[in-house]
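Working notes for the structure below.
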Amino acid sequence: NQVQRRIHFTVSCSSIFISVLISNVAGARDIAAVKVKGSRTGWVPMGRNWGKKWHINADLITNPSIQ
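Heads up: take any position in the sequence shown, counting from 1, add 1, and you land on my numbering.
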């Protein structure tokens, strides 16, 4: 059996913060942790802001990746 998982990301950012609304479209599990990686950083944990919103106050330069 193949399990389909779909996660939807809505990202808001400025030069000093990133805010991500994460929706687990498949609804199978709650999201327990989120990490972000900037072009000049390693993986940095994000904090839960409210409900499904996660944030970090950091300048990650360009092209952040989310894990």
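Ideal Cβ positions, reconstructed from N, Cα and C, are used throughout, including at glycine.
Check                                                                                   : Outcome
Three-state secondary structure assigned by DSSP to Val45                               : strand
Gly39 versus Leu61, Cys14 and Ser16, residue with shortest Cα-Cα distance               : Leu61
Closest by C-alpha distance to Ile67, when choosing among Leu22, Ile17, Ser15 and Ser16 : Leu22
Rounded C-alpha distance that separates Thr11 from Lys54                                : 9 Å
Bridge-paired residues (DSSP) for Ser24                                                 : His9
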